[in-house]
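Numbered by our numbering, the letters in the sequence shown go through residues 106 to 327 in order.
All C-beta atoms in this analysis are idealised placements derived from N, C-alpha and C, irrespective of residue type, glycine included.
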Amino acid sequence: MKVTDGVYAYPWTNMMENNCNTYVLQGQGGLILVDPGLKRHVPALIEQVRKDGLNPDDIGFVMVTHAHPDHLDGAAWFMDRPVKMTMHKDEERFLESTGKEFFRMFGLEQPSYRIDVYTDEGDFSAAGIALKVLLTPGHSPGSVCLYWPEKETLITGDVVFCGSIGRTDFPGGSSPTLKKSIEAIAQLDAAYLLPGHNEIIEGKAEIKNNFDFIKRAFFSYL
Ligand SMILES: [Zn+2]
106 MKVTDGVYAY
116 PWTNMMENNC
126 NTYVLQGQGG
136 LILVDPGLKR
146 HVPALIEQVR
156 KDGLNPDDIG
166 FVMVTHAHPD
176 HLDGAAWFMD
186 RPVKMTMHKD
196 EERFLESTGK
206 EFFRMFGLEQ
216 PSYRIDVYTD
226 EGDFSAAGIA
236 LKVLLTPGHS
246 PGSVCLYWPE
256 KETLITGDVV
266 FCGSIGRTDF
276 PGGSSPTLKK
286 SIEAIAQLDA
296 AYLLPGHNEI
306 IEGKAEIKNN
316 FDFIKRAFFS
326 YL
């Protein structure tokens with residue numbers, strides 16, 4: 106579904122299964138797919154992308170906000186395809202240390218993945234799209250948010266949601282760190298907030314209200 110020019114959302118609405126929202130960004134040089142979700146759902150996801158008038162063969166980059174299985178598992182589907190996969194170095198470190206055990210907690214084997222490009226903090230240009238990467242640990246050690254200033258679009262992974270925040274009780278999680286990360290992304294000028302789960306938020310006032318609510322409801326516990 107189109108959110109705004111160049112920004113497409115594939116929200117996961119089936120509450121019976123844990124899978125993440127996927128986003129597709131369209132630039133002059135192709136498409137970026139963010140958070141492929143579970144591998145078994147990728148073919149249906151690709152169909153939805155096609156129905157939106159986009160060519161899935163134009164996906165040149167698969168970016169993961171963090172390496173939790175419900176976000177990363179589907180990267181395996183792209184292994185033999187000519188896409189570049191990105192992750193933050195700190196997340197790779199996490200995946201190589203506690204990752205295997207973590208995947209087992211979810212009843213999954215660690216999927217095959219590769220990292221072609223690290224998403225360091227700062228500017229990241231791909232497919233003709235100038236993104237800013239923010240390292241936002243707390244839910245996961247190398248979790249990143251992706252901000253596209255031109256479209257006032259912020260992809261938050263599992264840092265914040267509509268009316269909620271990411272869990273910090275998983276391995277590598279930290280409440281005080283999550284708080285700092287939320288404070289940092291609340292400063293950004295965003296008209297579209299695209300979280301890793303549940304509804305997206307449209308409108309600057311709505312996004313500000315959401316951050317204000319989160320600060321009131323959760324910050325004293327973090
Ligand atoms: Zn997660």
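- Cα separation between GLY142 and SER325? Cα to Cα, the separation comes out at about 32 Å.
- Task: Output the residue ranges of the beta strand (DSSP E) runs that lie fully inside the segment 191-262 and measure 3 residues or longer, sorted by chain position.
- Result: The segment 191-262 contains these whole beta strand (DSSP E) runs: 227-231, 234-240, 249-253, 258-262.
- Message: As a quick exercise: from LYS320, ASP195, THR224, pick the residue whose alpha carbon is nearest that of GLU288.
- Response: Measuring from the Cα of GLU288, the nearest candidate turns out to be LYS320.
- Environment of ASP263 [buried if 16+ CB atoms lie within 10 Å]: Classification of ASP263: buried, given that the 10 Å Cβ count is 16 or more.
- Cβ atoms of THR258 and ALA356: under 8 Å apart, would you say? Because the chain in this structure spans residues 106 to 327, residue 356 falls outside the shown range and cannot be described.
- Helix, strand or coil for LEU150, going by three-state DSSP, please let me know. LEU150 falls in the helix class under three-state DSSP.
- In whole angstroms, what separates the C-alpha of ASN303 from that of HIS173? So the alpha carbons of these two residues sit roughly 16 Å apart.
- According to DSSP, is GLY165 helix, strand or coil? Correct three-state label for GLY165: strand.
- Task: Kindly indicate which three-state DSSP category PRO281 falls into: helix, strand or coil?
- Result: Of the three classes helix, strand and coil, the one that applies to PRO281 here is helix, per DSSP.
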